[in-house]
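K.L.:
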Amino acid sequence: MFRGKRFGIVAFLMVGLILGGSAVQSKDLDNEVLKLVPANCNFCLKINGLDGFLTVLDSYLADVSPMPVKQGFYDSMKFIIGDFESLGIDANGQFAIFQVATPGTAGVFGIAIAVKDYDKLIEGAPMLADKGDKGISKILIDDETFGHCYKAGNYALIAFSPNYEKMAELEAKVGQRKLGMMAKKLDKVELANSAKEGIWYYANIQEAGKNYRAFVDMGLDQMEKEIAKAQAQSNAGFDSEAIMDMYRSGANAIFENIDHISGNITIAADSMKENMLITAVNGSDIYNALTAVPAGTNKAPGQMLSYFNKNNMINFYSDYQHPLAKNLMKCYYEFFMDIMATEGNEKQMEKLKNATQGYYDLTGETAVSFDINLSKQPIMKMVAVSKSTDSKKVIEYFKQSIEAWNPEMMAIFGDQLSFEMKWHGKTGSLDDIDIYKYSMQYKFPEEMNNNPALENMQEPMEIALAGFDDYYVYTMDKNSERALKRLVGKIKKGKSFNNPFIKEILDGLEGNNFALMTVNLVRVVEYAGDAAMLGMGKQSEPTNNKVKSALAVGIEVSQNGQLGINTTLPRQHLLETKEAIEKFIQSMQ
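Here it is, written out as structure tokens:
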């Protein structure tokens, strides 16, 4: 039975939210349009300099998009409302889309449009009529009123609702700007970010929870019925109740801990960048974790990044002694332990939890580079290098955690798959350094053992590890011990891997990040292709595609207690990913 710990779920969500990135410095614009957006909106999307943004977007997407985005956008607008110029719309101005609601309703949608001549818009737009004496025009669809267009300085503020009769009062408050202003709600950092060229977005989690929590709960209830029905029909062994507990705990954690999320997306001809700021509810678990971080504790990663391999699927760096990293890791493995908990294995779970906490408490800066390839043996390769205050003790904790594991811990995922781990102890040495090994192996039901497509997955994955000086290292490879000896030799000689793309990562990411990750999207696409072939009972062909770049993500804690997530996607990697997708499509035909 799943027993979700609230703070553990929070950590899981924090890891899941780590998908955003950093904004590029650009010309600032004014924020006049945010004076029209209600402070209690559920979401807002703001575009600064629409025409310029579409122009640079086309440059970034050249050879990727089948047709120019800018042309497609304006052609669509002509079909819907007419030509921007003839309607007096300022294509170089600011635009905002937002939504306001009351509990249990679809709400009111608002659009703020920069205009050079409001009268041209009213006269030329076919859905607008009856300008009236106060600069207010009705929005008519099949002669029915769906909202109004209001004159607001240099903007046209359009507010409409699918159920106008029910929402007319709220729509009027939007038009008369009686719901407060977004411009006054944001802090200085967010206000400055919202004025940068490109796209700025805002999601008010607390307001959305107040208005739509009932719909979320209804959706989860329906999902529970569908999962239970599927389980009964297929006689599957997964724990449907545990799965639904996980979803519900996740939803609770989001609404209890996150106040709002904001961020900007900026584009240049050679890269797309994003800055996301996560603001926690005052007094919540996430808030306490973020505000407990002393100022100045972020520091840039150093030599450890030299162990990154751009051709691997994932590279990850973190300083686990960073205050926020320590808090998140502790609650994350509590969450993991709760997922894996089944009746009768409580003592083993406690041993696993203590061992996991033990080696993270002794671990500092860490770099991990790994790849998953279902068409090769072993299906996973990995290199990990960590600084440690007691590397010998860390090895002992590894042993304890592996010995505490048993395949029943995966019972939540059903009886079609289990995972076996074995500690093999000391198996060799390099000079005065002892080398240890353990193995991991997927176990399938007996009737699946003769499936040739699963042959690679059924092979044991061997891990070699060693502790020396202030390091502990481990490798997973076809000959993991040989790979480990090669790695140790380079570390002891002060050598590092040749990584010319490290400078690109650091130059591309803003902020002082205590954690970094690169994602090779080409390898992700290839993995998806391998998995698809596996699902059809076929073995895919090995791939050895090389890349010149990668998606990069950085994580930092801002001085005002917000979590900053910085991302950059080079155009070079976008093109490489496009080519991989085309190959995947061809292989499936």
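Counting in this note's numbering, the sequence shown runs from -17 upward without gaps.
The beta carbon of each residue, even a glycine, is placed where N, CA and C say it ideally should be.
1) Tell me the rounded alpha-carbon separation between Asn246 and Val90.
2) According to DSSP, which residues form a beta bridge with Ser370?
3) Evaluate the contact criterion for the region 327 to 338 versus the region 404 to 411: three or more CB pairs, one atom per stretch, below 8 Å.
4) Given Thr559, which residues of its chain have a CB within under 7 Å of its CB, disregarding the five upstream and five downstream residues?
5) Kindly indicate if chain D contains any beta-carbon less than 8 Å away from that of Lys358.
6) Could you give the uninterrupted runs of the alpha helix (DSSP H) lying entirely in the region 473 to 509, keeping only those of 4 residues or more?
7) For a test of the three-state rule: what should DSSP assign to Asn264, helix, strand or coil?
8) Taking the alpha helix (DSSP H) that Gly106 falls in, what are its first and last residues?
9) For Ala44, which option in Leu557, Gln568, Ile567 has the closest C-alpha, if you only look at C-alpha atoms?
10) Just the Cα atoms here: how many angstroms apart are Val15 and His242?
11) In the DSSP assignment, the alpha helix (DSSP H) including Leu557 goes from what residue to what residue?
12) Go to Met295, then tell me how far its beta strand (DSSP E) extends in each direction, as first and last residue.
13) Between Gly490 and the rest of its own chain, which residues show a CB-CB distance below 8 Å, the 5 nearest in sequence each way excluded?
14) Can you name the start and end residues of the alpha helix (DSSP H) that Gln53 belongs to?
15) I'd like to know if the region 25 to 44 and the region 97 to 104 are in contact, where contact means that at least 3 CB-CB pairs between them fall below 8 Å.
16) Hey, how far is the Cα of Glu486 from the Cα of Ile123?
17) Using the rule of at least 16 other Cβ atoms within 10 Å of the residue's Cβ for burial, across every protein chain shown, is Pro48 buried or exposed?
18) Should Val19 be labelled buried (16 or more other beta-carbon atoms within 10 Å of its own) or exposed?
19) Output the residue ranges of the beta strand (DSSP E) runs that lie fully inside the region 172 to 211 and measure 3 residues or longer, sorted by chain position.
20) I believe Gln81 touches Phe25 by the beta-carbon criterion, under 8 Å. Please report the beta-carbon distance rounded to the nearest angstrom.
21) In whole angstroms, what is the alpha-carbon distance linking Ile249 and Lys167?
22) From what residue to what residue does the alpha helix (DSSP H) around Phe35 run?
23) Can you list, in chain order, the residues of its chain whose CB lies under 8 Å from that of Ala78, leaving out five sequence neighbours each side?
24) Counting only the same chain and skipping the five closest in sequence on each side, list residues whose C-beta sits under 6 Å from that of Ser368.
25) DSSP three-state label for Met311, please.
26) Within the same chain, show all residues whose beta-carbon is closer than 8 Å to that of Phe128, passing over the 5 residues directly before and after it, in chain order.
27) Do Leu110 and Gly70 have their C-beta atoms closer together than 8 Å?
28) In terms of residue numbering, what span does the beta strand (DSSP E) encompassing Tyr453 cover?
29) Could you tell me the boundaries of the beta strand (DSSP E) in which Tyr132 lies?
30) Please return the same chain residues whose Cβ sits closer than 7 Å to the Cβ of Lys374, not counting the five positions on each side in sequence.
31) With 16 other CB atoms within 10 Å as the buried threshold, where does Gly265 fall?
32) Along the chain, where does the beta strand (DSSP E) containing Val90 start, and where does it finish?
33) Please list the terminal residues of the continuous beta strand (DSSP E) segment that includes Gly86.
34) In chain order, what residues of the same chain lie with their CB nearer than 8 Å to the CB of Leu469, ignoring the 5 residues before and after it?
35) Just confirm the distance between the C-beta atoms of Gly180 and Phe237, as a whole number of angstroms; I'd bet it's less than 8 Å.
36) Count the other C-beta atoms from every protein chain shown that fall within 10 angstroms of the C-beta of Ser58, then say buried if there are 16 or more, exposed otherwise.
P.N.:
Let's see:
1) 24 Å
2) Thr345
3) no
4) Leu503, Val504, Val507
5) Judged by its chain identifiers, the structure shown contains no chain D, having just a single protein chain.
6) 483 to 490
7) coil
8) 100 to 106
9) Leu557
10) 20 Å
11) 553 to 570
12) Careful: Met295 lies outside any beta strand (DSSP E) and carries neither H nor E.
13) Ser253, Lys255, Ala534, Thr550, Pro552
14) 51 to 62
15) no
16) 52 Å
17) exposed
18) buried
19) 180 to 186
20) 6 Å
21) 26 Å
22) 32 to 42
23) Val15, Leu16, Leu18, Val19, Cys26, Leu27, Lys28, Ile29, Gly92, Ile93, Ala94
24) Thr345, Thr348, Tyr454
25) helix
26) Ile121, Leu122, Phe142, Ser143, Pro144, Tyr146
27) no
28) 453 to 458
29) 126 to 134
30) Gly449
31) exposed
32) 90 to 96
33) First-last for Gly86: undefined, no H or E at that position.
34) Val365, Val367, Val455, Thr457
35) That pair is no contact at about 29 Å.
36) exposed
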